[in-house]
Amino acid sequence: MTHIAVIGLGIMGLPMAINLVKAGHTVSGFNRSQDKIDKLVAKGGAGASSIADAVADADVIITMVPDSPDVEAVVGGADGVFANAKPGAYWVDASTIRPDVSVRLAAEAAEAGLKAIDAPVSGGEAGAIEGTLSIMVGGEAADVEAVRSVLDAVGSTVVHVGPTGSGQTVKAANQLIVAGTIQLVAEALVFLEAHKVDTEAAVKVLAGGLAGNRILDRKAAGMIARTFEPGFRVDLHHKDLGIVTAAAREAGVAIPLGAMTAQLMGALRAEGHGSLDHSALLLLVEQLSGRSSK
Ligand code: NAP
């Protein structure tokens, strides 16, 4: 049993914290808005009054906030994780952020006497609730082993992919694949509807062949029904595609389909759909096809 602090109790952080409680850990949670702290308390966690309060006795500190500046805000400053955590504690950043920021913050964590691990996740809200996330872990091998049982409580595929920052690089590749796949599934669905094909039957057979993929399994039904409750917000995927395109440019790698998908995600957001699920890319395909349903 370990004392774990979780900072950021949103769509992902709250169910992850609840699974840690279920695994028998002592979990103290902090979030910017109080209602989400109350939800953790209702499930057996402890509510913290500040970041300092959450991390004071923690052996492992998990941060799960939206973007690089949010992680910087949570770990830095007099009230942040680095100034208040116990020396020797493990800081596991599960947020998806820029790999270069992850490397810089890990160095700052080391100066503060903490051991940093980047552990971004994939699997969406359902994976967080079910405790079946895929977790891409970057950091020192010994540190990763030390927190493995904690990660195993929230994920079913936990893989150490390399040194600090590598987890974020692998997550960027993940987001490239997911966005591109959603776009192609959206195009296929609008195409099928235009031909008046039974889309549910089509999805069933497509899912069994080489076109089968997790987006068809998990998102197609919602796309057909035009329900776009997040899930994973367009705002967040826009952020991630910015990370991917910058990192690809740095490495001198061409990602033409990724760049196109990044433009489409940006356009969807610019149209005011940033708070919808990323599967709402379908709305843009409809619009470009003169077939808008909304
Ligand atoms: P979210 O629902 O927006 O949750 C973020 C939480 O962080 C919110 O509850 C927010 O509080 C809190 N927060 C932000 N800044 C804070 C601060 N300074 N101090 C304390 N709490 C703070 O986002 P999410 O969907 O859980 O995503 C979190 C991370 O996981 C992102 O990096 C995302 O890219 C990644 N991710 C998400 C999914 C997914 O399907 N959603 C899947 C894989 C990875 P408020 O309540 O005040 O806003």
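Take any residue in the sequence shown, note its place counting from 1, add 691, and you have its number in the numbering used here. From the three backbone atoms N, C-alpha and C, an ideal C-beta is built for every residue, glycine too.
Cβ of residue i within 7 Å of Cβ of residue j?
i       : j       : result
His-964 : His-928 : no
Ala-769 : Ala-810 : no
Leu-867 : Gly-814 : no
Val-805 : Ala-776 : A quick correction: the sequence has Leu, not Val, at residue 805. Closer than 7 Å, so yes.
Gly-830 : Thr-848 : no
Val-746 : Gly-738 : no
Lys-910 : Thr-787 : no
Ile-826 : Val-783 : no
Val-838 : His-851 : no
Thr-860 : Pro-790 : yes
Val-714 : Val-697 : Position check: residue 714 holds Ala in this sequence, whereas Val was assumed. No, Cβ-Cβ distance for Ala-714 and Val-697 is not below 7 Å.
Phe-773 : Val-766 : yes
Ser-759 : Val-792 : yes
Ala-749 : Ala-800 : no
Gln-874 : Leu-972 : yes
Thr-872 : Ile-915 : no
Arg-960 : Val-925 : yes
Glu-821 : Ile-702 : no
Gly-991 : Gly-720 : Residue numbering for the chain in the displayed model covers 692 to 985; residue 991 lies beyond these limits and cannot be assessed.
Leu-705 : Lys-730 : yes
Thr-952 : Ala-870 : yes
Gly-771 : Ile-728 : no
Gly-846 : Leu-824 : yes
By DSSP's criteria, residue i is part of a beta bridge. Which residues make up the other side?
i       : result
Arg-924 : Asp-968
Ser-983 : For Ser-983, which the question treats as bridged, DSSP gives no partner whatsoever.
Val-718 : Ile-695
Gly-738 : Gly-720
Val-812 : Ile-826
Ser-806 : For the sequence presented, residue 806 should be read as Lys rather than Ser. Paired residue(s): Tyr-781.
Using a Cβ-based criterion (distance less than 6 Å to any ligand heavy atom), does residue i qualify as near the ligand NAP?
i       : result
Glu-816 : yes
Val-756 : yes
Asn-722 : yes
Ile-702 : yes
Ala-764 : yes
Leu-927 : yes
Ser-980 : no
Asp-761 : yes
Phe-923 : yes
Gly-856 : no
Thr-787 : yes
Val-633 : Outside the modelled stretch of the chain, which goes from 692 to 985, sits residue 633, for which no answer is possible.
Lys-727 : yes
Gly-699 : yes
Is it buried or exposed for residue i, if we count other Cβ within 10 angstroms and need 16 for buried?
i       : result
Glu-977 : buried
Val-756 : buried
Lys-887 : exposed
Val-751 : buried
Lys-895 : exposed
Ala-819 : buried
Gln-954 : exposed
Val-944 : exposed
Pro-778 : exposed
Pro-947 : exposed
Gly-900 : exposed
Gly-903 : exposed
Asp-931 : buried
Thr-918 : exposed
Ser-857 : buried
Leu-979 : exposed
Arg-832 : According to the sequence shown, residue 832 is Ala rather than Arg. So Ala-832 counts as exposed.
Completely contained alpha helix (DSSP H) runs for the segment 874-928, where each covers 4 or more residues: 890-899, 905-916
At what residue ranges does the segment 825-882 contain a whole run of the beta strand (DSSP E), taking only runs of 3 or more? 846-853
4 or more residues per run - each alpha helix (DSSP H) lying fully within the segment 745-797: 759-766, 772-775
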